[in-house]
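All remarks here apply to the structure that follows.
In the numbering used here, the protein residues as written are 1 to 435.
Listed below in structure tokens is the structure:
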């Protein structure tokens, strides 16, 4: 992208206005990008140049330019092509709203937005993407001490930014983080989630462990989930099968988003949580902790089982029947699926999908929306216990035990006896669920 410090004599200038902060892309027909003076160049997943703000002025060449305004996953795009005239040309575009999650009590977050850009850029991006919540890892102790327990200065009633909302576990490179440390984080109200998914196929535990990056993926989740030390697992990009194995083995872990900031604008993958009342850091964290979440790269996905939503538990008698429904709003979804621990219950085109389920043994229900490319949404489960027993499907527990065995082989040389005892404690938990 070009970045002109000031317009050249006689150079056309565009004034971009939407009435709200947006993500703007301005490019000539040959693909060159243009941005306001002083704006760091960036490109999104489609290769389009972008910057954030409203009522912005930027110099452009005297040739046709394409202008696009977008505003995150809850909005569509508005665009036009024009030939700038002399002086200033006003361009007014308003991205259409596809759905309003906050009006339904759902607030979307990017849980890992490192300050590899200036705070001013993060603030502009959060508002320009209409992203309700961002978690910014502090980077150093001074930043944490200064802002711990406080909203960052660009927060307002609809947008919340914090440095201590979530502790992101990065993988083997952070092993071992002691159970005492994780328990202390929970005591302070901090969510503990994994930052990255397990890349590659995961039809078997061997596939899961042989793919991805051991230093930074979520392969340690099989331990932390069993011991109740982690709140969220990055289920959407790369790991939905691994996530469903974990919950099928009896772990109560929320579906949360992973780290995607390197792949495009912040908020590309969002963790929506259903918050009761006003949006605050504590209310959002509590909603995630209770599993009232879905993760999406675009579509809004609702799930109900007899009127209950993700994170809820129904305790049933053997043979009881429940009504299950899912609804999808927004763009990109091509198929909706209802899944239980035993596989697919129903599937169909986007819109509303309903089915009835006779519950014989403990299980769960999740909804998944799928589309082209990276379009995907995945809910946390509604848990269906039977006679106070939670799901612990033998196939999933066995999968997790194999996962543990492979993990132990991989890390035995890098941990002490205390670390190996943690592995053994998790193994005992899974073995107890086979009885």
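A virtual CB, placed ideally from N, CA and C, is assigned to each residue, including glycine.
Quick one: what's residue 348 bridged to in DSSP?
According to DSSP, which records beta bridges pairwise, residue 348 is partnered with 336.
Please go through the same chain and pick out, in chain order, the residues whose beta-carbon is closer than 6 Å to the beta-carbon of residue 352, but skip the five residues on each side of it.
Excluding sequence neighbours, residue 352 sits near 327.
Mapping the DSSP letters down to three states, classify residue 4 as helix, strand or coil.
For residue 4, the pLDDT reaches just 42, beneath the cut-off of 50, and the residue's location in the model is therefore unreliable, although a value from the coordinates is still provided. If DSSP states are grouped into helix, strand and coil, residue 4 belongs with coil.
Does DSSP put residue 226 in a helix, a strand or coil?
If DSSP states are grouped into helix, strand and coil, residue 226 belongs with the helices.
Can you give, in chain order, each stretch of the beta strand (DSSP E) that sits fully within the segment 200-286 and has at least 3 residues?
232-234, 254-256 and 270-274
Indicate the three-state DSSP secondary structure (helix, strand or coil) for residue 154 in the structure shown.
coil
Report all residues from its chain with a CB closer than 6 Å to the CB of residue 380; omit the five preceding and five following residues, and keep chain order.
254, 255, 291, 293, 310 and 311
Is it right to say residue 210 is buried, meaning 16 or more other beta carbons lie within 10 angstroms of its own, or is it exposed?
exposed
Within a Cβ cutoff of 6 Å, which residues of the same chain sit near residue 333, ignoring the five residues on either side of it in sequence?
Around residue 333: 299, 350, 369 and 371.
Residue span of the alpha helix (DSSP H) that contains residue 42, given as start and end
Residue 42 -> no alpha helix (DSSP H), and no H or E assigned at all.
Do the segment 111-125 and the segment 66-79 touch if we need at least three Cβ pairs shorter than 8 Å?
No, the segment 111-125 is not in contact with the segment 66-79.
Beta carbon of residue 198, beta carbon of residue 218: below 8 Å?
yes
Give the secondary structure of residue 400 by DSSP, where H, G and I count as helix, E and B as strand, and everything else as coil.
helix
Just mark residue 83 as buried or exposed, buried being the case when its beta carbon has 16 or more other beta carbons within 10 Å.
exposed
8 Å contact criterion, which residue 275 and residue 105 should meet: CB distance rounded:
Their Cβ separation, rounded to whole angstroms, is 6 Å, which keeps residue 275 and residue 105 in contact under 8 Å.
Are the beta-carbon atoms belonging to residue 270 and residue 44 less than 8 Å from one another?
Contact flag unset, no.
Verify whether the separation of the beta carbon atoms of residue 28 and residue 63 is less than 8 Å.
For residue 28 and residue 63, yes; Cβs fall inside 8 Å.
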